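Below is one structure, written out as structure tokens; comments come after it.
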Amino acid sequence: MPNIHPTAIVDSKAEIAESASIGPFCVVGPHVRLGEKVELLSHVVVEGRTTIGESTRIFPFASIGHQPQDLKYHGEPSTLEIGCNNQIREYVTMQPGTEGGGMITRVGDNCLFMASAHVAHDCILGNNVIMANNATLAGHVIVGEYAFLGGLSAVHQFVRIGKHAMVGGMSGVEADIIPFGMVIGNRAHLNGLNIVGLKRRGFSRDEIHSLRNAYRLLFGPEGTLQERVADVAEQFQSNAAVMEVVEFIRDDSSRSLCTPGFEDGK
Numbered sequence: 579m580p581n582i583h584p585t586a587i588v589d590s591k592a593e594i595a596e597s598a599s600i601g602p603f604c605v606v607g608p609h610v611r612l613g614e615k616v617e618l619l620s621h622v623v624v625e626g627r628t629t630i631g632e633s634t635r636i637f638p639f640a641s642i643g644h645q646p647q648d649l650k651y652h653g654e655p656s657t658l659e660i661g662c663n664n665q666i667r668e669y670v671t672m673q674p675g676t677e678g679g680g681m682i683t684r685v686g687d688n689c690l691f692m693a694s695a696h697v698a699h700d701c702i703l704g705n706n707v708i709m710a711n712n713a714t715l716a717g718h719v720i721v722g723e724y725a726f727l728g729g730l731s732a733v734h735q736f737v738r739i740g741k742h743a744m745v746g747g748m749s750g751v752e753a754d755i756i757p758f759g760m761v762i763g764n765r766a767h768l769n770g771l772n773i774v775g776l777k778r779r780g781f782s783r784d785e786i787h788s789l790r791n792a793y794r795l796l797f798g799p800e801g802t803l804q805e806r807v808a809d810v811a812e813q814f815q816s817n818a819a820v821m822e823v824v825e826f827i828r829d830d831s832s833r834s835l836c837t838p839g840f841e842d843g844k
């Protein structure tokens, strides 16, 4: 049987794995599914059609799966899916999807959400994402794997954040961020590549050098962005990391592209 503290309120219809642990004063709703070794430490509320994967730990006062902060939501049976091995710290809020966004919010595996981070409705997060204290995502945001969002940063709805990108603390992001990019400021602008993150993820010196060269060409002064993208695609067609940036830029998006500030564009 799961380890459920006597002060916890767990609906009898909830699906709780045998190795899960539910601490004091937690509340678990009827449509919730907790996987093996999931741990709710104390004072955690999990509601809605929420699934939490194996070995995820949720710390006190987190609010997971309550209805979205969207006035267009009218009770549709949308879902929140949280993967495995996540750390969800104090006061984090995560909300399910809506009819206008595919009916699902999805969080990958091995992510860290520091205190008071917010994941809004219809967001899709990859694996190994880190959101620092008070980082917030508006609705419909897509975050690639290994992205890092600094403390007190805020991301506009429908923005895409590429893999291995970094958002500096206290940044306001209203445009798409290329994979491997680093942005900072209000409103945020590209400030080069996330070199520290690339090194930590094991990218080779040659790979980083190629990305730097491609970055300079993509955001140089000559021609239009479309022309520069075509040139980079031709020159680096065999380089997987550079082509990931190219495809990201070419993909359809409802937001503009985050570009370098004046000093960075020199």
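In the working numbering, the protein residues as written are 579 to 844. Heads up, the beta-carbon is just placed ideally off N, CA and C, and yes, glycines get one too. Predicted model only: the values in this text are computed from it and were never measured.
- By the beta-carbon neighbour count (other beta carbons within 10 angstroms, threshold 16), Pro-646 is buried.
- From the listed residues Gly-631, Ile-708, Gly-717, the smallest Cα separation to Tyr-651 is found for Gly-717.
- Collapsing the DSSP output to three states places Gln-665 in a strand.
- Between Leu-619 and Ala-595, the C-beta spacing is not below 7 Å.
- Between Ala-598 and Val-616, the C-beta spacing is below 7 Å.
- For the 7 Å CB-CB criterion, Ser-788 and Asn-769 do not form a contact.
- With contacts defined by Cβ atoms closer than 7 Å, Leu-835 and Ala-743 do not form a contacting pair.
- Asn-764 carries a strand assignment under DSSP once its states are collapsed to helix, strand and coil.
- In this model, Ala-592 and Met-821 are separated by some 45 Å (Cα to Cα).
- By the beta-carbon neighbour count (other beta carbons within 10 angstroms, threshold 16), Pro-799 is exposed.
- Within the same chain, Phe-691, Ala-695, Leu-727 come within 6 Å of Met-709 by CB-CB distance, once the 5 residues on both sides are set aside.
- Annotation for Gly-750: Ala-732, Asn-764, Arg-765, Ala-766 place their beta carbon closer than 7 Å to its own, counting only its chain and skipping 5 residues before and after.
- Among the bridge pairs identified by DSSP, Pro-838 is matched with Leu-768.
- DSSP, read as helix, strand or coil, puts Glu-593 in strand.
- Taking Met-748 as the centre and dropping the five residues before and after it, the same chain places the C-beta of Leu-730 closer than 6 Å to its C-beta, in chain order.
- Minimum Cα-Cα distance from Leu-649 among the listed residues Glu-677, Arg-635, Glu-625, Glu-632 corresponds to Glu-677.
- In this structure, the straight-line span from the alpha carbon of Pro-584 to that of Ser-590 is close to 14 Å.
- Assignment of Met-821 by DSSP, reduced to helix, strand and coil, places it in the helix class.
- Taken in chain order, the complete alpha helix (DSSP H) segments of 4 or more residues contained in the segment 635 to 689 number zero; there are none.
- In the structure shown, the three-state DSSP call for Glu-723 is coil.
- For Glu-632, the closest alpha carbon among the candidates Gly-626, Pro-655, Ile-660 is that of Ile-660.
- Within a 10 Å sphere around the beta-carbon of Val-823 sit 16 or more other beta-carbons, which makes this residue buried.
- Around the beta carbon of Glu-825, fewer than 16 other beta carbons sit within 10 angstroms, so the residue counts as exposed.
- Within the model, the alpha-carbon separation for Val-605 versus Glu-625 is close to 8 Å.
- The three-state reading of DSSP puts Asn-711 in coil, since its state is none of H, G, I, E or B.
- The Cβ atoms of Met-672 and Ile-720 do not sit closer than 7 Å to each other.
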